[in-house]
Amino acid sequence: MSRKDVQFRWRPFLNLGGILCLVFLVLCFGCQNDSGGKNKKANPFSSKEKKLSKLDSEIAKLYEEADSAKRNGKIHDARRAYEKVLVIFDENKETEGFKPNIEPYCQLGMIFEGFGQFVKAEEYYRKAMEIDPESAIPINCLGYSYISQGRLDEAIEYLQKAVDIDPMEPKFNNNLGLAYGMKKDYEKAFMCFRRVTNEANAYYNMSSIYAMNGMEDEAKRALQITVEMNPNHHEAKRMLTAYSEYERNPEEFSQPLLSGDFPGASVPYQERTASDVGEMNGSMPKNYTKQYGSIHSNTTN
244 MSRKDVQFRW
254 RPFLNLGGIL
264 CLVFLVLCFG
274 CQNDSGGKNK
284 KANPFSSKEK
294 KLSKLDSEIA
304 KLYEEADSAK
314 RNGKIHDARR
324 AYEKVLVIFD
334 ENKETEGFKP
344 NIEPYCQLGM
354 IFEGFGQFVK
364 AEEYYRKAME
374 IDPESAIPIN
384 CLGYSYISQG
394 RLDEAIEYLQ
404 KAVDIDPMEP
414 KFNNNLGLAY
424 GMKKDYEKAF
434 MCFRRVTNEA
444 NAYYNMSSIY
454 AMNGMEDEAK
464 RALQITVEMN
474 PNHHEAKRML
484 TAYSEYERNP
494 EEFSQPLLSG
504 DFPGASVPYQ
514 ERTASDVGEM
524 NGSMPKNYTK
534 QYGSIHSNTT
544 N
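Just so we're aligned, residue 244 is where the sequence shown starts under my numbering, counting upward by one.
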């Protein structure tokens, strides 16, 4: 067979190879072009993500400003920072992927509650409920606000709702126990405390409830039971010592012990709001601590 015949016989395969190479190149360039097209289509998505990231950063910065302001007692500065967050929420309510959260509403509610502006506080709490109906936090906040106003039946209604959502949360149960205690339903108050703590701490909490209602003998007996159950309960020991000192030298106290000279007296308002939403309105409501002592929320059974 001649060289010419061999070349002729291989020519179809060479032509086929050339076609395949051409197809490969077209596909490669086609993929690159298509990829480029896809990148262009992806740009709007990327822009959306960048916008959301920027909004998150702006909001986080405002939260930091608010926390710093509260730590320094500048409550009005904290209020303004949270209100700026709400402006961002309102301006971006149509932004795809952006969702407001309950934190600024709850924080503003507590701030206005601290100012005694309960109607305004309730508006913020209820707005938080609209945003997240499944969260117990604003429900607890509103219930606590009703305690502050002496609206005990409404307080119990809302605090029970919070407990129903999160049955083992100490803050919710302790606030509910406080509301029952203020209604002098001591059995239910004790049950609320006992649900989330050991029996010794439950009796300690009851001592505060009894003291709040002017029941000095019952308060001291509850403290004694606490120490009998837990000899290392330092707060109960401290309270018993305070009672003894008051009974020996009542003139050294600016007012009767039961009405305000409990150890660990009043806490600055900003300390109540400085923590994050998950920690708000804990144990004993802190603007009650001067009168009623503190409530333990140790979950040890």
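Even glycine gets a Cβ: it sits at the ideal position worked out from N, Cα and C. Quantities reported herein were computed from a predicted structural model and do not represent experimental measurements.
So, with DSSP's three-state summary, where would you put Gly316?
Residue state, collapsed to three classes: coil.
Just how far apart, CA to CA, sit Lys304 and Val328?
Cα to Cα, Lys304 sits roughly 10 Å from Val328.
Beta-carbon within less than 8 Å of Lys431's beta-carbon, same chain only, minus the 5 sequence neighbours each way: which residues are those?
Excluding residues within five positions, the ones whose Cβ falls inside 8 Å are Gly420 and Tyr423.
In whole angstroms, what is the alpha-carbon distance linking Ala379 and Asn444?
So the alpha carbons of these two residues sit roughly 24 Å apart.
So Tyr325 packs on Leu351, CB below 8 Å; how close in whole Å?
Your pair Tyr325 and Leu351 checks out as a contact, with CB atoms roughly 5 Å apart and the cut at 8 Å.
For Tyr531, I'd like the list of residues in its chain whose CB is within less than 6 Å of its CB, leaving aside the five on either flank, ordered along the chain.
With a pLDDT of 30 at Tyr531, under the threshold of 50, the modelled position of this residue cannot be trusted; read the value that follows with caution. Closer than 6 Å at the Cβ level, and outside the excluded window around Tyr531, lies no residue.
Can you tell me which of the three DSSP states Pro376 falls into?
If DSSP states are grouped into helix, strand and coil, Pro376 belongs with coil.
Exposed or buried, Met411, counting other C-beta atoms within 10 Å across all chains shown (16 or more means buried)?
Around the beta carbon of Met411, fewer than 16 other beta carbons lie within 10 angstroms, which makes this residue exposed.
Please return the same chain residues whose Cβ sits closer than 7 Å to the Cβ of Phe433, not counting the five positions on each side in sequence.
So the qualifying residues of the chain are Ala445 and Met449.
Proximity of Asn383 and Asn418 at Cβ, strictly below 8 Å:
For Asn383 and Asn418, yes; Cβs fall inside 8 Å.
Near Ile345, which residues of its chain fall below 7 Å by C-beta distance, leaving aside the five closest residues on each side in sequence?
Around Ile345: Ala371, Ile374, Asp375, Ser378, Ile380, Pro381 and Val520.
How is the alpha helix (DSSP H) around Met458 delimited, first residue to last?
No alpha helix (DSSP H) contains Met458, which DSSP labels as neither H nor E.
Straight-line gap, Glu339 to Lys291 (C-alpha atoms, nearest Å)
Going from the Cα of Glu339 to the Cα of Lys291 covers about 8 Å.
Lys451: buried (16+ other C-beta within 10 angstroms of its C-beta) or exposed?
Residue 451 is actually Ser in this sequence, not Lys. Buried, because 16 or more other Cβ atoms sit within 10 Å of the Cβ of Ser451.
Less than 8 Å separating the beta-carbons of Phe358 and Tyr367?
Contact: no.
Report yes if the C-beta distance between Leu402 and Phe415 is below 8 Å; otherwise report no.
Yes; because the gap between Cβ atoms is below 8 Å, this pair is in contact.
In angstroms, rounded to a whole number, what distance separates the CA positions of Lys294 and Arg322?
Using only the alpha carbons, I get a separation of about 25 Å.
What residue from Ser391, Tyr453, Leu385 and Asp409 has the CA that sits closest to Glu400's CA?
For the residues Ser391, Tyr453, Leu385 and Asp409, the minimum Cα distance to Glu400 belongs to Leu385.
Please return the same chain residues whose Cβ sits closer than 8 Å to the Cβ of Leu483, not counting the five positions on each side in sequence.
Once the five neighbours on either side are set aside, the close Cβ partners of Leu483 are Lys463, Leu466, Gln467 and Val470.
Quick one: grab the DSSP three-state call for His476.
In the structure shown, His476 adopts coil according to DSSP, grouped into three states.
Take Cys349 and list the residues in its own chain whose beta-carbon comes closer than 8 Å to its own, dropping the five residues that flank it on each side.
Setting aside the 5 residues that flank it on each side, Cys349 is surrounded in the same chain by Tyr367, Tyr368, Ala371, Ile380, Pro381, Cys384, Val520 and Met523, each with a C-beta closer than 8 Å to its C-beta; the list follows chain order.
Alpha carbon to alpha carbon, what distance is there between Arg438 and Lys404?
Rounded to the nearest angstrom, the gap between the Cα atoms of Lys404 and Arg438 is 16 Å.
Beta-carbon within less than 8 Å of Ser289's beta-carbon, same chain only, minus the 5 sequence neighbours each way: which residues are those?
For Ser289, where only same-chain residues beyond five positions count, there are no Cβ hits under 8 Å.
Does DSSP classify Gly340 as helix, strand or coil?
Per DSSP, reduced to three states, the secondary structure at Gly340 is coil, with no helix or strand assignment.
In or out: Lys427 buried (at least 16 other Cβ within 10 Å) or exposed?
Exposed, by the Cβ-count rule.
Could you tell me the distance, in whole angstroms, from the CA atom of Tyr489 to the CA atom of Met458?
Answer to the nearest angstrom: the Cα atoms are 15 Å apart.
Take the Cβ of Val362 as the centre, count every other Cβ of all protein chains shown within 10 Å, and call the residue buried at 16 or more, exposed below.
Val362 counts as exposed, since fewer than 16 other beta carbons sit within 10 angstroms of its beta carbon.
Using the beta-carbon count (16 or more within 10 Å), is Val406 buried or exposed?
Classification of Val406: buried, given that the 10 Å Cβ count is 16 or more.
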